[in-house]
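Worksheet: one structure, shown below.
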Amino acid sequence: MPTLVEARAHPAFREASKGREAPLLSVQDLHLHFVTSRGVVRAVEGISYEVHPGEMVAIVGESGCGKSVSALSIMRLLPKLTARIVSGKIMFNGRNLLDLSDSEMRSVRGKDISMIFQEPMTSLNPVLKIGFQLTEALYMHQQISKTAARERALELLKMVGIPDPERRLDQYPHQFSGGMRQRVMIAIGLACNPKLIIADEPTTALDVTIQAQILKLMKDLSRDLGIAMIVITHNLGIVARYADRVNVMYAAKMVEQADAESIFSTPRHPYTIGLLRSVPRLDRPREGKLATIEGLPPNLLSPPSGCRFADRCKAAIDTCRASDPQLRPMDEGQLVRCFRAEEIAERGPEAFGLAPPHGEARSAKTIDRSKPLLKLDRLETFFDVSSGFSLFGSEKSIVKAVNDVSLDIYQGETLGLVGESGCGKTTVGRTILQLEKATGGTIRYREKDLAQLSSDEMKKVRRDIQVIFQDPFSSLNPRMTIGQIIAEPMLVYKLQPNRKAARERVSDLLTTVGLYPYMADRYPHELSGGQRQRVGIARALALEPSFIVCDEPVSALDVSIQAQVINLLEELQERLGLTYLFIAHDLAVVRHISDRVAVMYLGRMMELADRDELYDNPLHPYTKALLDAVPVPDARLERERDHRILGGEVPSPLRPPQGCVFSTRCPLASKECRQEVPPLREIRPNHYAACIKL
Numbered sequence: 027m028p029t030l031v032e033a034r035a036h037p038a039f040r041e042a043s044k045g046r047e048a049p050l051l052s053v054q055d056l057h058l059h060f061v062t063s064r065g066v067v068r069a070v071e072g073i074s075y076e077v078h079p080g081e082m083v084a085i086v087g088e089s090g091c092g093k094s095v096s097a098l099s100i101m102r103l104l105p106k107l108t109a110r111i112v113s114g115k116i117m118f119n120g121r122n123l124l125d126l127s128d129s130e131m132r133s134v135r136g137k138d139i140s141m142i143f144q145e146p147m148t149s150l151n152p153v154l155k156i157g158f159q160l161t162e163a164l165y166m167h168q169q170i171s172k173t174a175a176r177e178r179a180l181e182l183l184k185m186v187g188i189p190d191p192e193r194r195l196d197q198y199p200h201q202f203s204g205g206m207r208q209r210v211m212i213a214i215g216l217a218c219n220p221k222l223i224i225a226d227e228p229t230t231a232l233d234v235t236i237q238a239q240i241l242k243l244m245k246d247l248s249r250d251l252g253i254a255m256i257v258i259t260h261n262l263g264i265v266a267r268y269a270d271r272v273n274v275m276y277a278a279k280m281v282e283q284a285d286a287e288s289i290f291s292t293p294r295h296p297y298t299i300g301l302l303r304s305v306p307r308l309d310r311p312r313e314g315k316l317a318t319i320e321g322l323p324p325n326l327l328s329p330p331s332g333c334r335f336a337d338r339c340k341a342a343i344d345t346c347r348a349s350d351p352q353l354r355p356m357d358e359g360q361l362v363r364c365f366r367a368e369e370i371a372e373r374g375p376e377a378f379g380l381a382p383p384h385g386e387a388r389s390a391k392t393i394d395r396s397k398p399l400l401k402l403d404r405l406e407t408f409f410d411v412s413s414g415f416s417l418f419g420s421e422k423s424i425v426k427a428v429n430d431v432s433l434d435i436y437q438g439e440t441l442g443l444v445g446e447s448g449c450g451k452t453t454v455g456r457t458i459l460q461l462e463k464a465t466g467g468t469i470r471y472r473e474k475d476l477a478q479l480s481s482d483e484m485k486k487v488r489r490d491i492q493v494i495f496q497d498p499f500s501s502l503n504p505r506m507t508i509g510q511i512i513a514e515p516m517l518v519y520k521l522q523p524n525r526k527a528a529r530e531r532v533s534d535l536l537t538t539v540g541l542y543p544y545m546a547d548r549y550p551h552e553l554s555g556g557q558r559q560r561v562g563i564a565r566a567l568a569l570e571p572s573f574i575v576c577d578e579p580v581s582a583l584d585v586s587i588q589a590q591v592i593n594l595l596e597e598l599q600e601r602l603g604l605t606y607l608f609i610a611h612d613l614a615v616v617r618h619i620s621d622r623v624a625v626m627y628l629g630r631m632m633e634l635a636d637r638d639e640l641y642d643n644p645l646h647p648y649t650k651a652l653l654d655a656v657p658v659p660d661a662r663l664e665r666e667r668d669h670r671i672l673g674g675e676v677p678s679p680l681r682p683p684q685g686c687v688f689s690t691r692c693p694l695a696s697k698e699c700r701q702e703v704p705p706l707r708e709i710r711p712n713h714y715a716a717c718i719k720l
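In terms of the working numbering, the sequence shown is residues 27 to 720.
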């Protein structure tokens, strides 16, 4: 079996690398362990890759595979008490970073190598002004004057597209939107003209339109300034659109390396094939249930001796479980860690059951649209907020979170609700649940006005309307076992005669959502993210509801786990006749699971139509902009697409624009649009849009 060094000497690999500059960064056979009370976690084992100037290299894989830890090892930001770099080299510009002293590393960190962290709100100091945080690295590494530092800070803010930079320098992080905070993080990363930028999930917290702006900016800077970039992400659409080369990690090891087009057109490793099959495609109509990768990654405290992916791989044979495969060269420089890679290439993934045309077909729905289960009629939810102080006390402003929204949701259907952060979609869900009180309009459930019900009547309705929250960890009580969490609502509503019966029902529910009954004795922190989300679903089912508000139920999950949860929700709907309001920002997921889709912007409804009609023939300019901004997990297709990026930020809900709320960003806006609020009206049969131009 050839070693990685021998693989890189293979003629196919040398031919693919011909004519390229020497690598700026070369990670060579890196092994990284964490010493814990339970044992040694082998977080990174023998990974090697290179990054060249002006190149964007993506690292992808499930949570816990080691991709973020390997990036932190380059920055030397790992905890010294527990982290151990056992062996390997990290060569940067001809120097091994692992041999540098702490003071030498400080001179490299921020100046030559910078990092953009995943969550900009926690990465920025909340008590320091943006200007100070931008100039701090300049003072440290370049010893320039205060005036020159401020001029450079202004230049950086302009470069990353932040309006009114002079005023923004003197503001604090909480005064910026999520997209603008992420731009500030990029500006800080660029401050000292680094040679390498490491971006760890740089757009996870961003809306699709802002995400497109940020990534285009980063790609342009990489190309124009010759900056090398490492992007760590689980969004395969982003990888397809922006990455030059891709490294796929699984359970602490690199399993496939190739240029982006090869990874997406001819994946060779069963794990890479499974990842790509798990992703719902925005550019394709729904064909059936999503293909999934069943099972979970191995425990890195005691990893298996053979191939790490063998227990989840449909192509695995006895050799896979007995021996650990090495990275081996394939055509055009592709490196794959799989014994059967040549067979997969020759016979195709379908021959091994790795890539069926699509998942198992779902039965056709029959939805009775004669009478809605839930009816929103001109719903309004406003909030009074303090907007500063005057001589006469605090000044009050009103945030119109939901403004004149009307919707009908029918028994057995899934209505998708999409839009950027702050558009009001979560507030719609919370108002339906009566966690927020409506300011105006009505909510009728089974023809009952929820606002007029007594507390006893509302308690009965709450049993019928349940919710699945976005974050499965924070929504579960860490002091209660899984069994107690699921049994609690049944005991409160006295649905079971005693605790023994409740425990039996908990076992049934855990089995229903694809978990084992023995997990009832575990605590939330002992489960994976996907398992915790299944617990949230089991808790919602405990009261046998008819209607469930799904508030971003899969946004925090890995691609493969996301597919499992989506399929589970569909199976439960088919079996139990459930109705869903599915709130999400992932338009591909919404296309897959929804029957109809509603689009919101700044508190108002922009468009409403059947799923395929809305995606294939969008009417509103905002819907078109959202769909254009979504990358498709196909590198070849992304190279051919016309990427039209929606500019600007979502206006403040404290000061919404007059007339159409989208007029400040709309390419078709006229004077009339800025004066008149367009009503939601039927443009085509069952296709509604709120636009004066239609």
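All C-beta atoms in this analysis are idealised placements derived from N, C-alpha and C, irrespective of residue type, glycine included.
Residue environment, residue i, which counts as buried when at least 16 other CB atoms sit within 10 Å
| i | result |
| --- | --- |
| I393 | exposed |
| I319 | buried |
| Q283 | buried |
| P296 | buried |
| L405 | buried |
| L30 | Because the pLDDT at L30 is just 45, under 50, the model does not fix this residue reliably, and the value given afterwards should be weighed accordingly. So L30 ends up on the buried side. |
| T649 | buried |
| H200 | exposed |
| Q237 | buried |
| H618 | buried |
| Q169 | exposed |
| F415 | Low per-residue confidence applies at F415: pLDDT is 48, beneath 50, and the placement is therefore not dependable, though the value from the model is reported in the following sentence. Exposed, by the Cβ-count rule. |
| Y165 | exposed |
| D344 | exposed |
Same chain, Cβ closer than 6 Å to residue i, five either side skipped, listed in chain order
| i | result |
| --- | --- |
| G442 | F608, V616, S620 and V623 |
| A84 | V257, V265, A269 and V272 |
| V454 | V428 |
| L262 | V305 and P659 |
| L417 | Note that L417 has pLDDT 49, beneath the 50 cutoff, so the model's placement of it is unreliable and the number below is only indicative. No residues qualify anywhere along the chain. |
Straight-line Cα distance separating residue j from residue i
| i | j | result |
| --- | --- | --- |
| T298 | T229 | 22 Å |
| T161 | R110 | 33 Å |
| L399 | D410 | 31 Å |
| D13 | A217 | Residue coverage of the chain in this structure runs from 27 to 720, which leaves residue 13 outside it and unanswerable. |
| D434 | A695 | 29 Å |
| V444 | P351 | 44 Å |
| I709 | S423 | 35 Å |
| A635 | N712 | 6 Å |
| A716 | P571 | 33 Å |
| G321 | S349 | 21 Å |
| G385 | E313 | Any reading at G385 must be qualified, since the residue scores a pLDDT of 48, below 50, and its modelled position is unreliable; no value is offered. |
| N151 | L502 | 29 Å |
| N524 | L517 | 8 Å |
| A655 | R334 | 36 Å |
| R637 | S96 | 41 Å |
| R565 | R489 | 11 Å |
| Q54 | R363 | 16 Å |
| A336 | A342 | 5 Å |
| R700 | T259 | 39 Å |
Nearest neighbour of residue i, chosen from the options [CA to CA]
| i | options | result |
| --- | --- | --- |
| G562 | E514, K520 and I188 | E514 |
| L706 | R194, M506 and N429 | N429 |
| G114 | G603, A651 and H59 | H59 |
| D250 | R193, P79 and P152 | P79 |
| L640 | L180, Q522, K486 and D309 | D309 |
| A179 | D125, R209, N151 and Q201 | R209 |
| D660 | Q144, D246, I142 and L302 | L302 |
| E408 | F290, V575, C449 and N219 | Reading off the sequence, residue 408 comes out as Phe, not Glu. Of the candidates F290, V575, C449 and N219, the one whose C-alpha sits nearest the C-alpha of F408 is C449. |
| E473 | R267, Q437, D654 and I512 | Q437 |
| T440 | D344, Q599 and R529 | Q599 |
Heavy atom of the ligand MG within 7 Å of residue i beta-carbon
| i | result |
| --- | --- |
| K719 | Inclusion of the ligand MG in the displayed structure is not the case, the ligand content being empty and no account of it being possible. |
Beta-carbon contacts of residue i that lie in its chain and below 7 Å, excluding the five residues immediately before and after
| i | result |
| --- | --- |
| A371 | R294 and M356 |
- Would you call the region 498 to 517 and the region 547 to 565 touching, i.e. three or more CB-CB distances under 8 Å? Touching, per the Cβ criterion.
- Query: Just checking, does the region 149 to 161 make contact with the region 177 to 195 on the three C-beta pairs under 8 Å criterion?
  - Reply: In this structure the region 149 to 161 lies against the region 177 to 195, because at least three pairs of beta carbons, one per stretch, are closer than 8 Å.
- Would you check if there are 3 or more beta carbon pairs closer than 8 Å linking the region 588 to 608 to the region 530 to 547? Look at the beta carbons and you see the region 588 to 608 touching the region 530 to 547: at least three pairs across the two are nearer than 8 Å.
- Message: Tell me whether the region 121 to 135 and the region 181 to 193 touch, counting them as touching only if at least three CB pairs, one residue from each stretch, are closer than 8 Å.
- Response: No, they do not touch.
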